[in-house]
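**Student:** The structure that follows is given in the form of structure tokens.
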Amino acid sequence: MKIETDKPLTYPFALAPLPFAYDALEPYIDAATMRIHHDKHHQAYITSLNAAIKPHPELHDFSIEELLLERHSELPITIRQTVHDQGGGHLHHQLFWKILKPGTAGTRPTGALAQAIDRDFGSFDAFKAKFVETGAKHFASGWVFLVVNPADGGLEVLSRPDHDSALLEKNTALLINDLWEHAYYLKYQSGRVNYLKAFCSVVNWEYVGQRLESVLDSRVRPGPATKKISHSVR
Ligand code: MN
Numbered sequence: 004m005k006i007e008t009d010k011p012l013t014y015p016f017a018l019a020p021l022p023f024a025y026d027a028l029e030p031y032i033d034a035a036t037m038r039i040h041h042d043k044h045h046q047a048y049i050t051s052l053n054a055a056i057k058p059h060p061e062l063h064d065f066s067i068e069e070l071l072l073e074r075h076s077e078l079p080i081t082i083r084q085t086v087h088d089q090g091g092g093h094l095h096h097q098l099f100w101k102i103l104k105p106g107t108a109g110t111r112p113t114g115a116l117a118q119a120i121d122r123d124f125g126s127f128d129a130f131k132a133k134f135v136e137t138g139a140k141h142f143a144s145g146w147v148f149l150v151v152n153p154a155d156g157g158l159e160v161l162s163r164p165d166h167d168s169a170l171l172e173k174n175t176a177l178l179i180n181d182l183w184e185h186a187y188y189l190k191y192q193s194g195r196v197n198y199l200k201a202f203c204s205v206v207n208w209e210y211v212g213q214r215l216e217s218v219l220d221s222r223v224r225p226g227p228a229t230k231k232i233s234h235s236v237r
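Shown next as structure tokens:
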């Protein structure tokens with residue numbers, strides 16, 4: 004199942020509206036946090052990213068994924084770190100809002116996702132415990148991920164600092180949660196573990212399942228043939 008068919012978005016990057024009301028995730032994530040997180044923090048990443056890209060018209064047709072991954076080593080050295088930090092912030096939050104959904108408390112994965120979680124973690128509860136534990140143990144800011152290991156197709160939980168992205172590293176992130184204090188401090192203060200547990204009640208498991216199906220489809224389907232450069236022996 005292909006889930007993102009829209010033309011890739013390019014400069015100037017823009018903040019998409021939150022797909023639900025700011026208070027829709029109460030009591031798990033509070034309205035004040037959602038408003039500041041989406042309108043201020045995510046917007047700030049986009050504003051800084053656009054400012055870095057603006058003087059470089061040759062970069063204006065690249066998607067955020069191209070700027071962060073395929074083209075990153077070709078970027079001018081003066082903006083490379085800024086694009087990594089601010090662009091990573093933009094990419095992560097874009098996915099984060101899609102993963103959140105009101106009214107999902109008590110729901111659980113179904114189909115291929117449920118089977119893969121049972122296979123690789125033993126049970127859904129064991130997976131949630133691992134996801135919460137990994138997020139709680141992560142030092143300082145960062146993100147916790149459920150990813151598909153590209154080598155064997157198995158599911159793994161891991162964390163990365165700041166906006167250093169496993170999403171980009173492996174390109175197969177199914178589920179992410181924000182470990183920056185701005186994501187939870189107003190309501191949970193130093194209780195990160197309580198925030199991580201509450202997060203499990205606002206996950207759109209159907210969407211996470213669609214992401215797994217998309218990854219599995221792309222693993223089975225061979226990619227486009229790549230042209231090989233032939234080296235003739237002289
Ligand atoms: Mn954030």
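Reading the sequence shown from the start, the letters are residues 4 to 237 in the working numbering. We put the CB at the ideal spot given by N, CA and C, even for glycine. Model, not experiment: these values are computed from the prediction.
Suppose you measure from the CA of Pro112 to the CA of Pro105; what does that come to, to the nearest Å?
**Tutor:** Rounded to whole angstroms, Pro112 to Pro105 spans 15 Å at the Cα level.
**Student:** So, is Ile102 buried or exposed, given that buried needs 16 or more other C-beta atoms within 10 angstroms?
**Tutor:** It is buried - the Cβ of Ile102 has at least 16 other Cβ atoms within 10 Å.
**Student:** The alpha helix (DSSP H) spanning Gly92 covers which residue range?
**Tutor:** Per DSSP, Gly92 belongs to the alpha helix (DSSP H) from Gly91 to Ile102.
**Student:** Label Thr110 either buried or exposed according to how many other C-beta atoms from any shown protein chain fall within 10 Å of its C-beta, with 16 as the threshold for buried.
**Tutor:** The residue is exposed, with fewer than 16 neighbouring Cβ atoms inside 10 Å.
**Student:** Near the ligand MN, which residues have their beta-carbon less than 6 Å from any of its heavy atoms, given in chain order?
**Tutor:** Result (chain order): His40, His44, His96, Asp181, Trp183, His185 and Ala186.
**Student:** Going by Cα to Cα distance, which pick from Phe127, His93, Ser193 and Thr36 is closest to Trp208?
**Tutor:** Nearest of Phe127, His93, Ser193 and Thr36 to Trp208, Cα basis: Phe127.
**Student:** Once DSSP output is grouped into helix, strand and coil, what is the label at Leu249?
**Tutor:** Because residue 249 is not part of the residues shown, which for the chain are 4 to 237, the question remains open.
**Student:** Run through the region 133 to 191 for me and flag every whole beta strand (DSSP E) of 3 or more residues, listed as ranges in chain order.
**Tutor:** As far as the region 133 to 191 is concerned, its whole beta strand (DSSP E) runs of at least 3 residues are 145 to 151, 158 to 164 and 176 to 181.
**Student:** Within its chain, find whatever has a CB closer than 6 Å to the CB of Tyr198; leave out the 5 residues flanking it on each side and keep chain order.
**Tutor:** Answer for Tyr198: Tyr187 and Tyr191, listed in chain order.
**Student:** Among the residues of its own chain, which have a CB less than 7 Å from the CB of Lys131, if the five just before and after it don't count?
**Tutor:** Here the set comprises Cys203.
**Student:** Going by C-alpha distance, which of Leu78, Val150 and Gln213 is nearest Pro58?
**Tutor:** For the residues Leu78, Val150 and Gln213, the minimum Cα distance to Pro58 belongs to Leu78.
**Student:** Compute the beta-carbon to beta-carbon distance between Gly114 and Gly212, rounded to the nearest angstrom, for a pair I have assumed lies under 8 Å.
**Tutor:** The Cβ separation is near 6 Å, so the contact holds.
**Student:** Could you spell out the range, first to last residue, of the alpha helix (DSSP H) harbouring Tyr48?
**Tutor:** Segment Gln46 to Ile56, the alpha helix (DSSP H) holding Tyr48.
**Student:** Closest to Ala176 by C-alpha separation, out of His87, Leu161 and Glu184, would be which residue?
**Tutor:** It is Leu161.
**Student:** Considering only DSSP beta bridges, list what Val206 is partnered with.
**Tutor:** According to DSSP, Val206 bridges with Leu103.
**Student:** Classify Ser193: buried if its beta carbon has 16 or more other beta carbons within 10 angstroms, exposed otherwise.
**Tutor:** Its Cβ having fewer than 16 others within 10 Å, Ser193 is exposed.
**Student:** Since Leu21 and Trp100 should fall inside the 8 Å C-beta cutoff, what is the C-beta to C-beta distance between them, to a whole number of angstroms?
**Tutor:** The pair is a contact, with the Cβ atoms about 6 Å apart (cut-off 8 Å).
**Student:** Is it right to say Asn180 is buried, meaning 16 or more other beta carbons lie within 10 angstroms of its own, or is it exposed?
**Tutor:** Flag for Asn180 reads buried.
**Student:** How many whole angstroms separate the CB atoms of Leu116 and Gln89, which I take to be in contact at a CB cut-off of 8 Å?
**Tutor:** About 31 Å; that fails the 8 Å criterion.
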